[in-house]
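First the structure, in the form of structure tokens, and then the observations on it.
2 protein chains.
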Amino acid sequence: MATLADVARRAGVSPATASRVINGSSKPVADNLRERVLRAVADLRYVPNAHAQLLARPQRSVVGVVVHDVSDPYFAELTRGLQRVATDHGRLVIICNSYRDPERELEYVEMLRAQQVAAIVLAGSGYHDATFTARLAEKLAAYEATGGRVAVVGRHEHPGDAVMPANADGGRLLGAELLRQGHRRIGVVAGPQVLTTITDRLDGLRAALAEGGHPLSEERIRYADFDRDGGARAAGELLDAVPGLTALVALNDSMAVGALTLLRARDIPVPGQVSVVGFDDMPVAADVTPALTTVRLPLVELGARAMTLALGPAADRSRVEVLPATLVVRDSLGPAPD
Amino acid sequence: MATLADVARRAGVSPATASRVINGSSKPVADNLRERVLRAVADLRYVPNAHAQLLARPQRSVVGVVVHDVSDPYFAELTRGLQRVATDHGRLVIICNSYRDPERELEYVEMLRAQQVAAIVLAGSGYHDATFTARLAEKLAAYEATGGRVAVVGRHEHPGDAVMPANADGGRLLGAELLRQGHRRIGVVAGPQVLTTITDRLDGLRAALAEGGHPLSEERIRYADFDRDGGARAAGELLDAVPGLTALVALNDSMAVGALTLLRARDIPVPGQVSVVGFDDMPVAADVTPALTTVRLPLVELGARAMTLALGPAADRSRVEVLPATLVVRDSLGPAPD
DNA sequence: GGCTGCTAGGAAAGCGCTTACCTATGTGAT
DNA sequence: ATCACATAGGTAAGCGCTTTCCTAGCAGCC
């Protein structure tokens with residue numbers, strides 16, 4: 001690897017001068033020297049060593065992002081927003097998949113700190129686990145103490161900057177619409193109960209149903225894995241457990257698709273006999289038949305805002321932005337049968 | 001940020017000793033000293049500066065990945081394989097989205113070189129553009145000259161290690177199956193013609209049809225954008241241009257879904273009147289109605305193999321692994337109507 | 001022509017770490 | 001008791017870069 005010294009030697013100047021030319025320093029350099037340096041750079045295919053640069057002038061050029069899993073469409077969208085803003089700021093981004101393992105999340109924060117990243121964005125859902133939350137907060141504080149910036153998306157663990165989707169509002173929208181269409185016997189296909197995202201959505205749904213005079217009873221909620229199979233299984237259990245069920249609320253679209261699959265397998269018409277609604281408005285929601293009624297979260301925007309907070313000027317106090325949820329009406333929800 | 005020197009001072013030892021206990025060096029250290037160092041590390045929440053470490057002992061801990069777009073399910077899957085292996089090797093991964101912009105790809109290679117990443121994995125499709133290919137090869141060579149490792153997935157540009165999906169075989173499988181089911185008037189919804197992935201798939205399809213005695217005529221191919229809208233538009237044009245068309249081959253699943261949408265909008269039964277096949281077997285392929293017959297590519301495996309090559313021992317000569325494509329039969333392909 | 005005052009370029013320190021090399025201590029053998 | 005040797009721990013160099021500080025050279029002025 002060619003070094004600055006190599007370039008300087010070849011150009012017949014001091015490393016200081018070479019550095020000044022390469023970084024376009026404010027200090028003026030004679031044109032002939034400048035040219036010689038530039039030629040040497042080209043000849044040697046010199047690229048400055050980012051680590052040495054960082055050591056000499058602490059100006060971080062990489063940001064870290066911790067998500068549950070980039071290959072999940074939810075995080076793929078979120079990440080797109082994060083990346084866009086990071087790229088606009090000239091930053092590279094390290095993406096870490098925690099696969100919903102809190103321990104791994106902690107490890108990654110540590111590794112990112114060691115990498116001296118400019119900022120860490122933690123995306124995903126928080127956990128109902130006080131011990132973990134405390135340890136995470138502690139690690140983040142240690143990182144921030146060294147000048148790092150932190151922003152979280154969709155989770156509450158951090159006392160600083162946060163961008164939140166209106167999960168509870170989304171649940172509320174769904175509940176209200178279901179009631180409006182006459183549904184009373186409603187089953188809920190929920191994800192893992194430890195995730196705050198799930199409980200937030202559920203809280204909104206509960207509130208809307210209670211306000212409408214038809215409170216949700218706990219035995220009509222099934223906590224399952226956050227994917228198709230989990231959705232199908234939970235839907236099956238609910239169908240068996242609740243006679244006369246007219247609607248299924250899945251707390252994300254993957255589970256809703258699973259529920260749809262199960263209903264088709266049982267030859268139950270959707271929405272003729274049972275309506276299904278999802279959450280997140282993933283691309284798949286529009287592609288299935290019937291197309292899913294769901295709640296749209298501005299994921300790209302959420303990611304973009306989070307990265308903007310993380311990379312923009314630090315605020316003296318914590319900023320929390322909430323981005324609205326909207327109902328997307330498609331075919332999978334219809335009026336309740338008599 | 002606490003430094004090694006801080007730790008050493010607090011523990012009352014030299015930086016050398018502190019370094020030795022922290023890195024578990026082979027040199028033995030007395031237990032009481034070791035303990036004091038460890039306590040100091042804990043007290044100060046010391047995390048070694050990865051850049052300084054890298055400068056002192058050139059042992060890269062980060063790898064770079066360049067993809068078209070992580071939020072595209074194709075790359076999401078690929079990336080999952082890449083990440084898994086990188087994580088197993090204890091490496092963090094920087095993911096760069098080129099958004100199919102060759103210029104940006106080049107820039108990223110440069111930035112990754114500056115970051116001294118241990119390896120660069122270039123994923124996606126190559127371009128039919130000799131100038132670009134040469135420039136890319138040159139940049140990669142410069143990077144490799146500094147000890148970096150390079151592997152490519154799904155592209156031919158690199159003289160070294162490569163992992164390839166059997167794109168042509170996939171096209172061939174589709175062609176053969178179409179013929180077997182009696183289809184003769186076949187339209188092709190292709191992606192951008194500059195992508196080698198597209199032309200490879202097309203070549204396989206062409207070969208199979210030609211071997212079956214029904215060569216594909218060029219006016220039955222429409223090059224469009226690689227997404228739903230492109231697929232819908234191209235499908236519409238083909239339907240209008242080719243009377244009696246009985247099958248539509250889309251060169252990826254997104255375009256196939258677009259085609260399906262268009263056919264439904266025109267009330268054309270699938271596969272009753274027109275069959276549709278896709279490529280890639282993305283999750284959505286199983287979710288649409290009718291479920292898509294498509295070609296499965298082992299994407300996770302492809303990514304994993306590429307990262308394994310990139311992180312494993314260097315070979316003296318280039319290794320090219322081809323991973324097989326398989327036909328996934330679902331409902332969207334039926335026999336040709338009379 | 002001699003002085004001041006500026007400027008372009010170089011020398012060198014230092015960022016945080018690892019490690020080769022050296023010193024001082026303790027051990028065992030004689 | 002003396003010496004040789006092994007060994008724990010320290011000293012310092014150096015990784016590649018930036019930047020402060022300094023020097024040498026020059027122009028401009030009286």
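Protein chains in written order, with UniProt numbering: chain A, 1 to 338; chain B, 1 to 338.
We treat Cβ as the ideally placed atom computed from N, Cα and C, and that holds for glycine.
Cβ-based burial, residue i [other Cβ within 10 Å; buried from 16]
i, result
"Pro269 (chain A)", "exposed"
"Ser25 (chain A)", "exposed"
"Asp240 (chain A)", "exposed"
"Pro215 (chain B)", "exposed"
"Arg39 (chain A)", "exposed"
"Ala18 (chain B)", "buried"
"Ala76 (chain A)", "buried"
"Gln83 (chain A)", "buried"
"Asn252 (chain B)", "buried"
"Ser332 (chain A)", "buried"
"Asp72 (chain A)", "buried"
"Arg91 (chain B)", "buried"
"Ala314 (chain B)", "exposed"
"Gly81 (chain B)", "buried"
"Gly148 (chain B)", "buried"
"Gly154 (chain A)", "buried"
"Asp161 (chain B)", "buried"
"residue 339 (chain A)", "Outside the shown range of chain A, which is 1 to 338, sits residue 339 (chain A), and nothing can be said about it."
"Ser125 (chain B)", "buried"
"Glu35 (chain B)", "exposed"
"Gln193 (chain A)", "exposed"
"Arg266 (chain A)", "exposed"
"Gly244 (chain B)", "exposed"
For residue i, the three-state DSSP class (helix, strand or coil)
i, result
"Pro165 (chain B)", "strand"
"Ile94 (chain A)", "strand"
"Gly236 (chain A)", "helix"
"Val21 (chain B)", "helix"
"Ala119 (chain B)", "strand"
"Leu44 (chain B)", "helix"
"Gly124 (chain B)", "coil"
"Tyr108 (chain B)", "helix"
"Arg57 (chain B)", "coil"
"Tyr74 (chain B)", "helix"
"Arg222 (chain A)", "strand"
"Val242 (chain B)", "coil"
"Ala247 (chain B)", "strand"
"Gly334 (chain B)", "coil"
"Gly64 (chain A)", "strand"
"Val328 (chain B)", "strand"
"Gly213 (chain B)", "coil"
"Thr3 (chain B)", "coil"
Short Cβ contact (8 Å threshold) for residue i with residue j
i, j, result
"Val150 (chain B)", "Val62 (chain B)", "no"
"Val37 (chain B)", "Val7 (chain B)", "yes"
"Pro335 (chain A)", "Gln181 (chain A)", "yes"
"Tyr143 (chain B)", "Pro102 (chain B)", "no"
"Leu54 (chain A)", "Ala2 (chain A)", "no"
"Val47 (chain B)", "Arg113 (chain A)", "yes"
"Leu78 (chain A)", "Ala50 (chain A)", "no"
"Leu209 (chain B)", "Leu173 (chain B)", "no"
"Thr246 (chain A)", "His183 (chain A)", "yes"
"Asp281 (chain B)", "Val329 (chain B)", "no"
"Ala235 (chain B)", "Ala259 (chain B)", "yes"
"Leu263 (chain B)", "Val249 (chain B)", "no"
> If you pair each beta-carbon of the segment 186-198 of chain A with each one of the segment 214-234 of chain A, do three or more pairs fall below 8 Å?
Replying inline: yes
> Taking contact to mean at least 3 C-beta pairs separated by less than 8 Å, is the segment 320-327 of chain B in contact with the segment 122-139 of chain B?
Replying inline: no
> Contact between the segment 275-290 of chain B and the segment 51-62 of chain B: three or more CB pairs below 8 Å?
Replying inline: no
>> Suppose only complete runs of 3+ residues qualify. What are the beta strand (DSSP E) ranges in the segment 260-325 of chain B, listed by chain order?
In response: 275-277, 294-296, 320-323
> Which parts of the segment 144-204 of chain B are runs of the beta strand (DSSP E), unbroken and 3 residues or longer, counting only runs that do not cross its ends?
Replying inline: 149-153, 161-165, 186-190
> Between the segment 194-203 of chain A and the segment 156-172 of chain A, do three or more beta carbon pairs fall short of 8 Å?
Replying inline: yes
> Do the segment 305-314 of chain B and the segment 324-334 of chain B touch if we need at least three Cβ pairs shorter than 8 Å?
Replying inline: no
> Can we say the segment 288-299 of chain A touches the segment 265-279 of chain B, given the rule of at least three CB pairs closer than 8 Å?
Replying inline: no
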